[in-house]
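Trainee: Okay, so the sequence shown: first residue is 705 according to our numbering, each after it adds one. All C-beta atoms in this analysis are idealised placements derived from N, C-alpha and C, irrespective of residue type, glycine included. Since we're looking at a predicted model, the values are computed, not measured.
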Amino acid sequence: MIFPYNDGVINYETQGEGPAVLLLHGFLEDLAMWDELAALLLKNFTLIRLDLPGHGRSSVYGKTHSMEFMAEVAHSLLQHLGLENVSVIGHSMGGYVALAFLDLYPSEVRQIILLNSSPYSDSPERLLNRKRALKLIPKNKKLFITVSILNLFAEDRREDLTAEITALQQQALSIPTPGILAAIRGMMERKDRRHVLKKYRGPKYMIAGTKDEVIPITDSENAAKDTDSTLIKVESGHMTLLENVKEIHKIVHFIE
Numbered sequence: 705m706i707f708p709y710n711d712g713v714i715n716y717e718t719q720g721e722g723p724a725v726l727l728l729h730g731f732l733e734d735l736a737m738w739d740e741l742a743a744l745l746l747k748n749f750t751l752i753r754l755d756l757p758g759h760g761r762s763s764v765y766g767k768t769h770s771m772e773f774m775a776e777v778a779h780s781l782l783q784h785l786g787l788e789n790v791s792v793i794g795h796s797m798g799g800y801v802a803l804a805f806l807d808l809y810p811s812e813v814r815q816i817i818l819l820n821s822s823p824y825s826d827s828p829e830r831l832l833n834r835k836r837a838l839k840l841i842p843k844n845k846k847l848f849i850t851v852s853i854l855n856l857f858a859e860d861r862r863e864d865l866t867a868e869i870t871a872l873q874q875q876a877l878s879i880p881t882p883g884i885l886a887a888i889r890g891m892m893e894r895k896d897r898r899h900v901l902k903k904y905r906g907p908k909y910m911i912a913g914t915k916d917e918v919i920p921i922t923d924s925e926n927a928a929k930d931t932d933s934t935l936i937k938v939e940s941g942h943m944t945l946l947e948n949v950k951e952i953h954k955i956v957h958f959i960e
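(1) Specify the secondary structure class of Asn789 as computed by DSSP and reduced to three states.
(2) Whose C-beta lies closer than 7 Å to the C-beta of Ile853 among residues of the same chain, with five residues either side of it excluded?
(3) Please return the same chain residues whose Cβ sits closer than 8 Å to the Cβ of Gln719, not counting the five positions on each side in sequence.
(4) Can you tell me whether Ile817 is helix, strand or coil according to DSSP?
(5) Would you say Ser821 reaches chain B, if we count a Cβ-Cβ gap shorter than 8 Å as a contact?
(6) Once DSSP output is grouped into helix, strand and coil, what is the label at Glu733?
(7) Buried or exposed for Asn820, please, with buried defined as at least 16 other CB atoms from any protein chain shown within 10 angstroms of its CB.
(8) In this structure, does DSSP put Lys835 in helix, strand or coil?
(9) So which of Tyr909, Glu917, Gly913 and Pro920 has the shortest CA-CA distance to Ile793?
(10) In this structure, what does DSSP give as the bridge partners for Arg753?
(11) Considering Ala887, what are the terminal residues of the beta strand (DSSP E) in which it resides?
(12) With contact counted as at least three CB pairs below 8 Å, one residue from each stretch, are the stretch 839 to 855 and the stretch 720 to 728 in contact?
(13) Looking at Arg761 and Ser825, is the spacing between their C-beta atoms short of 8 Å?
(14) Given a cut-off of 8 Å, decide if Ile714 and Leu781 are closer than it, judged by their beta-carbon atoms.
(15) Suppose you measure from the CA of Glu917 to the CA of Ser924; what does that come to, to the nearest Å?
(16) Using DSSP with H/G/I as helix, E/B as strand and the rest coil, what is Ala912?
(17) From Thr881 to Ala858, what does the alpha carbon distance come to, in whole angstroms?
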């Protein structure tokens, strides 16, 4: 479905019945990322998933897509659908957007689940890597996407998940270059939101991969302590939804 927003469009899907759950995908992903989890949830929940700006079939809106801007887009969609009280689940960059949503609309969040994500802002090393990416992508987008997505998966799972990795790479290649760059700039500028998560008194969970090379498990352990969040460790890399489906099935019961 299409939601007209400002001078562009946001692609989204709704399905199921029950309490509302907002699903926010990560960088270089689209709403299809949630297919398996959605199949488990739609019997008991109303699911709202969207292609974040610059991804999937949604428009690119500018040079930078801040986390706040993407949260505002998601909130406008929820208002359009007449929904006010939601559980928010965000994967990676989607978790950054979820935290911005919590910061902007705390009374509308029933619970928050960060999947392979973090409340920290970028480290100096990560900022440097993103600056390098901004230079590389216009010259060789395919190389950036191929390597980036491969590195999201735990090394010992890559051979078994070759088909899934290839599919993600092909999907990501369809994302317009300006959309990729806008998301990177937005992530570079994002705030540290540990204080936002710590202040929040609703249920809050962090699901972390023990083999995640993007967000090391030690970072997740520290973030959970800093924010009084419940940490759930899963044997996976950064793509827990695809790498350890059985564990995600078990985690579903945390969603209220």
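Mentor: Walking through what the data contain:
(1) Sequence index remark: in the sequence shown, residue 789 carries index 85 (1-based). Note: Asn789 maps to coil in three-state DSSP.
(2) Counting from 1 along the sequence shown, the entry for residue 853 is found at position 149. Result list for Ile853: Leu732, Ile869, Leu872, Gln873 and Ala876, in chain order.
(3) As a working mapping, residue 719 is identified with position 15 in the sequence shown. Same-chain partners within the cutoff: Ala742, Leu746, Thr750 and Leu751.
(4) Looking up residue 817 in the sequence shown gives position 113. Ile817 falls in the strand class under three-state DSSP.
(5) Although the question refers to chain B, the structure presented lacks it and comprises just one protein chain.
(6) By one-based count along the sequence shown, residue 733 stands at place 29. Glu733: coil per DSSP, three-state reduction.
(7) In the sequence shown, counting from the first residue as 1, residue 820 sits at position 116. It counts as buried.
(8) Within the sequence shown, numbered from 1, the residue matching residue 835 stands at position 131. Reduced to three states, the DSSP call for Lys835 is helix.
(9) Here residue 793 corresponds to residue number 89 of the sequence shown, with the count starting at 1. Measuring from the Cα of Ile793, the nearest candidate turns out to be Tyr909.
(10) As a working mapping, residue 753 is identified with position 49 in the sequence shown. DSSP, once it has assigned bridges, lists Glu717 and Leu727 as partnering Arg753.
(11) Counting from 1 along the sequence shown, the entry for residue 887 is found at position 183. Run containing Ala887: none in the beta strand (DSSP E); it sits in the alpha helix (DSSP H), Thr881 to Glu893.
(12) no
(13) Here residue 825 refers to the residue found at position 121 when the sequence shown is read from its first residue. Here residue 761 refers to the residue found at position 57 when the sequence shown is read from its first residue. It is not a contact, given that the beta carbons lie outside the stated cut-off.
(14) Your numbering for residue 781 matches position 77 in the sequence shown. Your numbering for residue 714 matches position 10 in the sequence shown. In this structure, Ile714 lies closer than 8 Å to Leu781 by Cβ.
(15) Position 213 of the sequence shown, counted from the first residue, corresponds to residue 917. Position 220 of the sequence shown, counted from the first residue, corresponds to residue 924. Between Glu917 and Ser924, the C-alpha separation is close to 12 Å.
(16) Residue mapping note: residue 912 aligns to position 208 of the sequence shown, counting from 1. Looking at Ala912 - three-state DSSP - the assignment turns out to be strand.
(17) To locate residue 881, count along the sequence shown from 1; it is residue 177. To locate residue 858, count along the sequence shown from 1; it is residue 154. Computed Cα separation, rounded: 26 Å.
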